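Numbering follows UniProt numbering, in which position 10 of the sequence shown is assigned residue number 10; successive positions increment by one, without gaps. Note that beta-carbon positions come from the ideal geometry of N, C-alpha and C, so glycine has one too. Everything numeric in this text was worked out from a predicted model, so none of it was measured. Take a look at the structure below.
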Amino acid sequence: MANMTGVALGMIETRGLVPAIEAADAMTKAAEVRLIGRQFVGGGYVTVLVRGETGAVNAAVRAGADACERVGDGLVAAHIIARVHSEVEGILPAAPSA
């Protein structure tokens, strides 16, 4: 996954850090995805982002959302973009080096 262009993007937004960590852990264990970052949105909201093939990202986001819901009412939103437009790539955090 060296070139992340054209690879699916998965996002989970949570209320609080604990549900975000739980979601990130579940997503990376459930499928072959790469955790590319987290964003503190403000007001206690945190968004966790993963990249990978569409099927893997779909499975990961489902697992992350389920895990997040087990930690109180932390899940705000879960969403997948199958092919991120090249102009959107510029606002996404860069994937960490392996």
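Going by C-alpha to C-alpha distance, which of the options sits closest to residue i?
i	options	result
V50	G44, A20, L35	L35
R62	H79, V46, G52	H79
G44	L75, E32, V57	L75
K29	A60, T54, G10, T14	A60
N58	I81, Q39, A77	I81
V48	P93, I12, L92	I12
A77	V7, G37, V33, V46	V46
Tell me the residue span of the beta strand (DSSP E) that contains residue i.
i	result
E13	8–15
G43	Note, G43: premise wrong, no beta strand (DSSP E); not H, not E.
Distance check for residue j and residue i, CA to CA, integer angstroms please.
i	j	result
R70	G90	33 Å
G42	S86	26 Å
V18	G72	10 Å
G52	E22	19 Å
A65	A31	14 Å
A26	V88	26 Å
A20	T14	6 Å
A56	F40	25 Å
I'd like the span of the alpha helix (DSSP H) that includes residue i, first residue to last.
i	result
R83	R83 -> no alpha helix (DSSP H), and no H or E assigned at all.
V57	54–69
Per the DSSP calculation, residue i is bridged to which residue(s)?
i	result
A77	E13
residue 105	Outside the displayed span of the chain (1 to 98) sits residue 105, for which this structure offers no information.
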